[in-house]
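Enquirer:
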Amino acid sequence: MTATPSEAGASISIRPATPADAAAVADVYLVAIHATYDFPLAHTHDQIRTWLAGVVGRGGGTWVAEADGRVVAMLVLDADGIDQLYVDPGWHGRGIGSRLVEVAKHER
448 MTATPSEAGA SISIRPATPA DAAAVADVYL VAIHATYDFP LAHTHDQIRT WLAGVVGRGG
508 GTWVAEADGR VVAMLVLDAD GIDQLYVDPG WHGRGIGSRL VEVAKHER
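Numbering follows the numbering used here, with no gaps: position 6 of the sequence shown is 453.
(1) Give the straight-line distance between the Cα atoms of Gln-531 and Asp-515, rounded to the nearest whole angstrom.
(2) So, are the CB atoms of Val-503 and Thr-497 less than 7 Å apart?
(3) Give the straight-line distance between the Cα atoms of Ala-489 and Tyr-533, rounded to the nearest whole angstrom.
(4) From Ala-473 to Trp-538, what distance separates their C-alpha atoms?
(5) Below 6 Å CB to CB, which residues in the same chain sit around Phe-486 once its five sequence neighbours on both sides are set aside?
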């Protein structure tokens with residue numbers, strides 16, 4: 448799920464997630480977690496996917512960043528602010544995380 452050279456200039460859009468985004472949100476979460484931490488996860492990938500499908504399905508608190516129609520980052524808000532924020536490592540350094548933080552500030 449990392450960026451390819453042709454995607455380097457891709458336009459990034461931020462929007463609320465829909466239930467149809469659940470698999471892509473889980474993909475971003477998993478690739479980011481595995482790139483960041485070098486220990487086994489407490490839950491299986493299937494359990495994480497099920498959990499995130501429920502989070503996204505609730506609506507109202509999950510946002511995604513898209514590059515040319517592909518989810519490259521995700522934000523989950525709880526009642527107080529940011530609960531989860533992950534950017535595909537291939538998309539780091541483009542200000543996507545900062546843009547999602549701005550969404551969180553506006554929403555909460």
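Idealized CB from N, CA, C, for every residue including glycine. All figures in this text were calculated on a predicted structure; none of them were measured in a lab.
Expert: Walking through what the data contain:
(1) Within the sequence shown, residue 531 is the residue found at index 84, counting from 1. Within the sequence shown, residue 515 is the residue found at index 68, counting from 1. Gln-531 and Asp-515: Cα-Cα distance of roughly 23 Å.
(2) For the purposes of this step, residue 503 is identified with residue 56 of the sequence shown, where counting begins at 1. For the purposes of this step, residue 497 is identified with residue 50 of the sequence shown, where counting begins at 1. It is not a contact, given that the beta carbons lie outside the stated cut-off.
(3) Here the question's residue 489 lines up with position 42 in the sequence shown. Here the question's residue 533 lines up with position 86 in the sequence shown. So the two alpha carbons sit approximately 18 Å from each other.
(4) As a first step, residue 473 must be located in the sequence shown, where it is residue number 26. As a first step, residue 538 must be located in the sequence shown, where it is residue number 91. Approximately 16 Å, taken between the alpha carbons.
(5) As a first step, residue 486 must be located in the sequence shown, where it is residue number 39. Nothing listed; no residue qualifies.
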